[in-house]
Amino acid sequence: MSEAVLQCIKTRRVVREMTDEPVTREQIEAILEAARWAPSGGNLRPNRYIVIEDAETRRLVRLVSPGMFQEAPVLILICTNMDVVAEQQVPPSDRALLIDVGTAAQTMMLAAHALGLASGPVTSYSKEAIKVILNLPAGYSPEMIICVGRRAPDARPGMRAFKRITWRDLTHWERFT
Ligand SMILES: Cc1cc2nc3c(=O)[nH]c(=O)nc-3n(C[C@H](O)[C@H](O)[C@H](O)COP(=O)(O)O)c2cc1C
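So that you can map any letter, position 46 of the sequence shown is 46 in our numbering, and since no number is skipped, the others follow by simple counting.
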């Protein structure tokens with residue numbers, strides 16, 4: 001395992017101010033290809049991705065997404081295909097489904113960072129409005145949007161941490177006494 005992977009993990013930050021410089025098709029495909037390798041509960045692979053480049057569609061998505069501060073040139077919507085979930089008789093409330101969204105999201109954001117691109121996840125949006133804007137199939141549940149672009153040169157730093165934390169603050173060894 002290379003040090004570069006650890007550096008990529010440690011230096012990725014959410015970027016909320018982006019330029020309108022386009023992202024190439026090859027870069028988008030590289031991010032999607034990386035997500036295909038993300039771990040998936042039971043190897044069910046229920047995630048489906050919608051890539052949005054069209055300016056008007058992005059504008060509409062932003063209108064219904066109060067948590068989207070970026071004007072990113074590319075949006076990748078991570079959906080859970082509930083038809084796959086039903087076919088495999090997985091309960092719709094199975095927590096692995098949302099965990100799958102998280103593994104795909106982080107994999108995409110690390111891939112974007114490795115390609116020199118900026119990214120930011122958004123969950124604050126109207127799911128119902130997104131379904132209408134994108135004319136999603138009935139079984140598609142829109143779970144998270146990954147904004148992809150290039151960091152604006154004068155972008156402000158991300159949200160201030162409540163408290164500087166280390167892994168030690170987050171970890172217990174063995175059982176609680
Ligand atoms: C489940 C989840 C939902 C998030 N939703 C949003 C969001 O709606 N809008 C946003 O700007 N950032 C969102 N974020 C990004 C977090 O605010 C960000 O990861 C956190 O502030 C730490 O910043 P860092 O990833 O740059 O270290 C979300 C992150 C996660 C994991």
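We treat Cβ as the ideally placed atom computed from N, Cα and C, and that holds for glycine.
Practice prompt. Find out if the Cβ-Cβ distance for the pair THR46, ASP100 is shorter than 8 Å.
Written response: For clarity, residue 46 is Pro in the given sequence; the question names Thr instead. A Cβ-Cβ contact shorter than 8 Å links PRO46 with ASP100.
Fill in: Rounded straight-line distance, which links the Cα of VAL74 to that of GLU21
Cα to Cα, GLU21 sits roughly 10 Å from VAL74.
Worksheet item: Going by DSSP, which residues form a beta bridge with CYS8?
Response: Paired residues: none, contrary to the question.
Discussion item. 8 Å is my cut-off, CB to CB: does ASP154 come that close to chain C?
Written reply: No chain C appears in the structure shown, which is made up of a single protein chain.
Worksheet entry | Rounded C-alpha distance that separates GLU53 from PHE69 | Near 17 Å, if we compare the C-alpha coordinates of PHE69 and GLU53.
Discussion item. I need the DSSP call for LEU110, collapsed to helix, strand or coil.
Written reply: Here LEU110 sits in helix by DSSP.
Worksheet item: Any heavy atom of ligand 1 closer than 7 Å to the Cβ of ARG164?
Response: Checking the Cβ of ARG164 against ligand 1 gives no.
Item to complete: Please name the residue or residues paired with ILE28 in a DSSP beta bridge.
Response: None, per the DSSP bridge assignment.
Discussion item. Give me, in chain order, the residues of the same chain whose beta-carbon lies closer than 7 Å to that of ARG156; leave out the 5 immediate sequence neighbours on both sides.
Written reply: The residues GLU17, in chain order, have a CB closer than 7 Å to that of ARG156 in the same chain once the five nearest residues on each side in sequence are set aside.
Worksheet item: From LYS10, TYR125, THR19, pick the residue whose C-alpha is nearest to that of ALA152; which is it?
Response: Distance from the Cα of ALA152 is smallest, within the candidate group LYS10, TYR125, THR19, for THR19.
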